[in-house]
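Peer 1: In the order they appear, the protein sequences are chains A and B. For the first sequence, the numbering used here gives the first residue as 1410, with consecutive numbering after it. For the second sequence, the numbering used here gives the first residue as 535, with consecutive numbering after it. By construction, the Cβ of each residue, glycine as well, lies at the ideal position given by its N, Cα and C atoms. As the structure is a prediction and not an experimental result, all values here were calculated from the model. Here's a structure for you.
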Amino acid sequence: MSALARVAVPSLALARRTLRGALRRPQFLAPLVIMPTLFLAINTGGLHRTTDLPGFPKVDGFLDFQLAGAMTQSLLLGGVMQGIGAALEIEGGFFDRLVASPIPRVSIVLGRILAGTVIAAAQVLWFLVLGIVFGVTIHGGVPGALLVLSIGAVAGTGFAALGVLIALRARNASTVQGIFPLVFVVLFVSSAFFPRALLQSPASWFAEWNPLSYVADGMRDPIVGQVSATPVLEGLGAAALLVAAFVGLAVLALRGRLRTA
Amino acid sequence: MSKPAIETVDLQRAFGGIKAVQGIDLAVAPGEVYGFLGPNGAGKTTTVRMLVTLLRPTGGHATIAGFDVARQPAEVRRRIGVALQEAALDLLMTGRELMELQATLHGIPRRTVAPRAAELIARVGLSNAAERRVGTYSGGMRRRLDLAMALIHEPEVLFLDEPTTGLDPTSRTTLWEEVRRLRDEGTTVFLTTQYLEEADVLADRVGIIDAGRLVAEGTPAALKAEVGLPHLDITLLGDAPDADAAGRAVEPFGKLCLAGPGVTVSLRVADGAAAIAPVVRALDEAGFAVEGIELVRPTLDDVFAEKTGHRLEGAETAAPEGDPDAEAPDPDAGAPPPPVPA
C-alpha cells in the first residue's frame, strides 16, 4: 500500500463514519443552517434599505448581498459542530480507540476534517437553493455557483480543522462551546454582512486583514455579478490559507497531545 | 521460555507528583492468560494504557511481541487488540458498521472485511443485533462487541481492561467463555480485573498489584499455596463484639489473620473443619455468642491480604456462574456488583 493510500483509506473511512453520524443526529446538523437562515431572514427583512446607502455595491437586492454572509456564518457553525464532535470522542474514549489503532496519526484528524468538507458543501448548496427560491439570480451562472461551492467547501474544511484544533487543546465539549463564540466576533469584523468600503475604522482595518472578508467576498462575487478573477481567487486563497494553517495546527496539536500523554 | 509476548522492566508512570505505577517487572509468555488483579486505583489501567501505547512511561520500558511501546508504537499497535475499561463505541453506528470500520482501520483487505466482521459478530452472539445501532445495546452486548472489535485482526496480544465490570452474570459467563476459547487458540491475553474469582478461574498466572507495585505473582494455585492453611471466619453476635478478646480466646487453636468485612475474627487453622467445635466451645466459655462460622480455603484475597496487610477493596468476587441467587445488576449500569465477603 502506498504512503498516500495508508493515509487516505483510514481518513476516508473515518470521514464516512462522521458523515453517517451527522445524518443520524439531525438535531446537530439542522442548527448549522437554521440559525443562519433565521439571521438571513431578519437581516434582509429589516435592513433591506441598506442597499440605498451611498457607496453600497450594486446588487439586485439585500438578500443577494447577505447570502454569502449567511454561508460564512453557517460554515463557522459547521466548525463548531466538528469541534464538539471531536471533543465528545475524546471524552467518550473513542479517540483512544483510534489512537490505539495502527493508522497514521494524521488520519485521526483528517477523517473528521474531510467530513467537514462534505457538510460545508451541503451547507453552501442549501443557501444557494434558498436564494434562488427567494428570487436571487446567480449572475455567474452554473460556473459561478460551482465556484461558490468550491470556496465554501475549502473554507468549511479550514473551519472544521479549527474546531478539531480547539477540541484537541480543550479536550472537552463544553470548553469548545465556550470558546467558539469568540470566533463569531471575528465574523462581525469582516465584510461578511456589510461592505468593507462602508466600514469605519478600526472595523475596516480588521476587515482588511480578516480572511473571512475574502472568503465572503469570494462567494459573493459570482452571486451578485459576473465572475471576476480577483475576489474569487482571493476567496480561494484565503480559504486555502485557513485550511493550511488550521490543519497544520490541528496535526501539531494531536502530536503534542500524544507526546505528552 | 520463548520471547515474552509482554515484558516490562521497572515500568513507571507518574502524573505530576503522583506515582501511579512504581516500577513493575513482569513477563507474559505467548499464549498465556495473565490476570492483573488489584483494587481500584492500584495502577492496573495506567499499566494497560502504557502497554497499548496510550500513555508514555515516565520510567523503565516495556515491549509487546518484542517491540518497545515507546520507541516502536506503530509496530505494537499492529499486534495488539484492545478492549478498554469503558467500551468506547460510537452509539450512532450499527454493530456491523463498527466492526467493518475497525477492520478497515486495521488494514484488512476490503473483500474480507464483511465476512470477517460477520464471523466475529456471530462468535460473540450478536448476529441478530448486528444491524441495530449500538446505542440500543445493553452493557453486556457492548462489551461483547468491543471484544469482537479487538479481535478483528487476530492480534497476537489481547488487552482486556476490566472486561466484566458492571456486567450481569450471564454476560460475564459469555465473556469468560470467550477468553477461555482465546486461550485455547493460543492468543496471549492480559486481563485486568478486581474480581478475585475471575482471576482465579481465567488466568494461567496472576500478578497482584497494589499502590502501583506488583506485590505477588504466580499461578493462582501457587499463590494460594503460599498462604497455606485454610482459615475460619467467625462472626459474633452483638453490635460491637470485642474482637481482641475473642481473638485471645481462639488463639490457642491457630494463628490470627486479617479479618474480612463483616467478620469479627479470622483464624488460620491446621486442623481444618476439626477445629470448628473447639473454637466454638472456647468462644462460648469466654462469653461470646457465635452467629456464624465458616471454613474458608485460601483465596487470592488471602494472598492479597498476606502481601499487602489489607484486603482487596470491597473484597469483590464475581458472581458464580449459574448462581440463581446472584444479584443481576442493570446491564447498562457502570457500577460493579455488590461486594461479597471473601
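Can you list, in chain order, the residues of its chain with a C-beta nearer than 6 Å to that of A823 of chain B? Leave out the 5 residues immediately preceding and following it.
Peer 2: Counted from its first residue, the second sequence places residue 823 of chain B at position 289. Around A823 of chain B: L771.
Peer 1: Taking the C-alpha atoms as reference points, what is the distance between L694 of chain B and V735 of chain B?
Peer 2: Numbered from its first residue, the second sequence carries residue 694 of chain B at position 160. Numbered from its first residue, the second sequence carries residue 735 of chain B at position 201. Their backbone Cα atoms lie some 15 Å apart in a straight line.
Peer 1: Please say whether Y671 of chain B and T698 of chain B have beta carbons closer to each other than 8 Å?
Peer 2: Locating residue 698 of chain B in the second sequence gives position 164, where the first residue counts as 1. Locating residue 671 of chain B in the second sequence gives position 137, where the first residue counts as 1. Against a cut-off of 8 Å, the Cβ pair of Y671 of chain B and T698 of chain B comes out as no contact.
Peer 1: Taking only beta carbons into account, state which residues of the segment 1485-1505 of chain A come closer than 9 Å to chain B, listed in chain order.
Peer 2: The residues in question are E1498, G1501, G1502, F1503, F1504 and D1505.
Peer 1: Report the three-state DSSP secondary structure of K1467 of chain A (helix, strand or coil).
Peer 2: Stepping through the first sequence from its first residue, residue 1467 of chain A is reached at position 58. Reduced to three states, the DSSP call for K1467 of chain A is coil.
Peer 1: Going along the chain, which residues of its own chain have a beta-carbon closer than 7 Å to the beta-carbon of M675 of chain B, five neighbours each way excluded?
Peer 2: Numbered from 1 along the second sequence, position 141 holds the residue referred to as residue 675 of chain B. Once the five neighbours on either side are set aside, the close Cβ partners of M675 of chain B are L660 and A663.
Peer 1: Tell whether a beta-carbon distance below 8 Å holds between L679 of chain B and V658 of chain B.
Peer 2: Reading the second sequence from its first residue, position 145 is the one you call residue 679 of chain B. Reading the second sequence from its first residue, position 124 is the one you call residue 658 of chain B. Yes, these two residues count as a Cβ contact at 8 Å.
Peer 1: Residues in the same chain with beta-carbon distance under 8 Å from L1462 of chain A, minus the five sequence neighbours each way, listed in chain order, please.
Peer 2: Stepping through the first sequence from its first residue, residue 1462 of chain A is reached at position 53. So the list reads L1607, once near-sequence residues are dropped.
Peer 1: Please check the pair T726 of chain B and E696 of chain B, which I expect to be a contact at CB under 8 Å, by giving their CB distance rounded to whole angstroms.
Peer 2: One-based indexing of the second sequence puts residue 726 of chain B at position 192. One-based indexing of the second sequence puts residue 696 of chain B at position 162. The pair is a contact, with the Cβ atoms about 6 Å apart (cut-off 8 Å).
Peer 1: For V1633 of chain A, return the contacting residues in chain B, with the cut-off set at a CB-CB distance below 8 Å.
Peer 2: Taking the first sequence and counting its residues from 1, one reaches residue 1633 of chain A at position 224. None at all; the shortest Cβ gap to chain B is about 40 Å.
Peer 1: Measure the Cβ-Cβ separation of L801 of chain B and I768 of chain B and say whether it is below 8 Å.
Peer 2: Locating residue 801 of chain B in the second sequence gives position 267, where the first residue counts as 1. Locating residue 768 of chain B in the second sequence gives position 234, where the first residue counts as 1. Yes.
Peer 1: Relative to chain B, which residues along the segment 1410-1433 of chain A have a C-beta separation below 7 Å, given in chain order?
Peer 2: Here the close residues are V1418, P1419, A1422, R1426, R1429, G1430 and R1433.
Peer 1: What's the C-alpha gap between P865 of chain B and G1454 of chain A?
Peer 2: Numbered from 1 along the second sequence, position 331 holds the residue referred to as residue 865 of chain B. Numbered from 1 along the first sequence, position 45 holds the residue referred to as residue 1454 of chain A. Unreliable positioning characterises P865 of chain B in this predicted model, as indicated by a pLDDT of 31, which lies under 50. A coordinate reading is not provided.
Peer 1: Shortest alpha-carbon distance to T579 of chain B belongs to which of B:P764, B:D602, B:V555 and B:P703?
Peer 2: Residue mapping note: residue 579 of chain B aligns to position 45 of the second sequence, counting from 1. Minimum Cα distance to T579 of chain B is reached at B:V555.
Peer 1: When you compare the CB positions of P775 of chain B and T753 of chain B, do they come within less than 8 Å of one another, or not?
Peer 2: Position 241 of the second sequence holds residue 775 of chain B. Position 219 of the second sequence holds residue 753 of chain B. Taking 8 Å as the Cβ cut-off, P775 of chain B and T753 of chain B do not qualify as a contacting pair.
Peer 1: Looking only at C-alpha atoms, which of A:A1431, A:I1632, A:V1557 and A:E1643 sits nearest to G1470 of chain A?
Peer 2: Taking the first sequence and counting its residues from 1, the one referred to as residue 1470 of chain A is at position 61. Among A:A1431, A:I1632, A:V1557 and A:E1643, the Cα nearest to that of G1470 of chain A is on A:I1632.
Peer 1: Show which residues of chain B have a CB atom less than 9 Å away from the CB atom of V1515 of chain A.
Peer 2: The sequence position of residue 1515 of chain A within the first sequence is 106, counting from 1. Correct list: empty, because the minimum Cβ distance to chain B is about 13 Å.
Peer 1: Would you decide whether P643 of chain B is buried or exposed? Buried here means 16 or more other CB atoms lie within 10 Å of its CB.
Peer 2: Looking up residue 643 of chain B in the second sequence gives position 109. Classification for P643 of chain B: exposed.
Peer 1: With a threshold of 8 Å between beta carbons, is E850 of chain B in contact with chain A?
Peer 2: Residue 850 of chain B sits at position 316 when you count from the first residue of the second sequence. Caution applies to E850 of chain B, whose pLDDT of 45 falls short of 50 and renders its modelled position unreliable; the value that the coordinates give is listed next. Not closer than 8 Å to any Cβ of chain A, the Cβ of E850 of chain B fails to qualify, so no.
Peer 1: From this set, B:L757, B:A745 and B:E719, which residue's C-alpha is nearest R739 of chain B's C-alpha?
Peer 2: Here residue 739 of chain B corresponds to residue number 205 of the second sequence, with the count starting at 1. The candidate whose alpha carbon is nearest that of R739 of chain B is B:L757.
Peer 1: Just grab the DSSP bridge partners of D767 of chain B for me.
Peer 2: Within the second sequence, the letter at position 233 stands for residue 767 of chain B. In the DSSP output, where bridge partners are listed per residue, D767 of chain B has B:S800 and B:E828.
Peer 1: Specify the secondary structure class of E541 of chain B as computed by DSSP and reduced to three states.
Peer 2: Translated into positions along the second sequence, residue 541 of chain B becomes position 7. Of the three classes helix, strand and coil, the one that applies to E541 of chain B here is strand, per DSSP.
Peer 1: Give the secondary structure of A599 of chain B by DSSP, where H, G and I count as helix, E and B as strand, and everything else as coil.
Peer 2: Taking the first residue of the second sequence as position 1, residue 599 of chain B is located at position 65. Reduced to three states, the DSSP call for A599 of chain B is coil.
Peer 1: Would you say I1528 of chain A lies against chain B (beta-carbon separation less than 8 Å)?
Peer 2: For the purposes of this step, residue 1528 of chain A is taken as the residue at position 119 of the first sequence. Taking Cβ atoms only, chain B never reaches closer than 8 Å to I1528 of chain A, which makes this a no.
Peer 1: From B:L626, B:M584 and B:R677, pick the residue whose C-alpha is nearest to that of E712 of chain B; which is it?
Peer 2: Here residue 712 of chain B refers to the residue found at position 178 of the second sequence. If we check each option's Cα against that of E712 of chain B, B:R677 comes out closest.
Peer 1: Report the rounded CA-to-CA distance for I742 of chain B versus A1524 of chain A, giving the unit in angstroms.
Peer 2: Start at 1 with the first residue of the second sequence, and residue 742 of chain B comes out as number 208. Start at 1 with the first residue of the first sequence, and residue 1524 of chain A comes out as number 115. C-alpha separation (whole angstroms): 45 Å.
Peer 1: Just the chain B side, please: which residues come within less than 7 Å of I1512 of chain A by C-beta, in chain order?
Peer 2: Counting from 1 along the first sequence, the entry for residue 1512 of chain A is found at position 103. Simply L639.
Peer 1: Where do the ends of the beta strand (DSSP E) carrying Q556 of chain B lie?
Peer 2: Along the second sequence, read from residue 1 onward, the residue named residue 556 of chain B stands at position 22. Unbroken beta strand (DSSP E) run through Q556 of chain B: I552 to V562.
Peer 1: Near A539 of chain B, which residues of its chain fall below 8 Å by C-beta distance, leaving aside the five closest residues on each side in sequence?
Peer 2: Numbered from its first residue, the second sequence carries residue 539 of chain B at position 5. So the qualifying residues of the chain are V562, A563, P564, G565, E566, I598, A599, E690, V691 and T722.
Peer 1: Taking only three categories from DSSP, how would you classify L792 of chain B?
Peer 2: Here residue 792 of chain B corresponds to residue number 258 of the second sequence, with the count starting at 1. DSSP places L792 of chain B in coil when its eight states are reduced to three.
Peer 1: Using 10 angstroms around the beta-carbon of V1538 of chain A, count the other beta-carbons present and answer buried if the total reaches 16, otherwise exposed.
Peer 2: Looking up residue 1538 of chain A in the first sequence gives position 129. When all chains shown are included, V1538 of chain A counts as exposed.
Peer 1: My output table needs one value for I1547 of chain A: the three-state DSSP class, helix, strand or coil.
Peer 2: The residue labelled residue 1547 of chain A in the question sits at position 138 within the first sequence. I1547 of chain A falls in the coil class under three-state DSSP.
Peer 1: Strictly under 8 Å for the Cβ-Cβ distance: is M627 of chain B near chain A by that measure?
Peer 2: Taking the second sequence and counting its residues from 1, the one referred to as residue 627 of chain B is at position 93. Closer than 8 Å to some Cβ of chain A, the Cβ of M627 of chain B qualifies, so yes.
Peer 1: Between A1582 of chain A and chain B, is any beta-carbon pair separated by less than 8 Å?
Peer 2: To locate residue 1582 of chain A, count along the first sequence from 1; it is residue 173. It does not; no Cβ of chain B falls within 8 Å.
Peer 1: So which of B:D718, B:K841, B:D702 and B:L763 has the shortest CA-CA distance to D744 of chain B?
Peer 2: The sequence position of residue 744 of chain B within the second sequence is 210, counting from 1. The shortest Cα separation from D744 of chain B among B:D718, B:K841, B:D702 and B:L763 belongs to B:K841.
Peer 1: Check whether chain B comes within 8 Å of A1662 of chain A, counting only Cβ atoms and requiring the distance to be less than that.
Peer 2: Looking up residue 1662 of chain A in the first sequence gives position 253. Output row for A1662 of chain A: interface = no.
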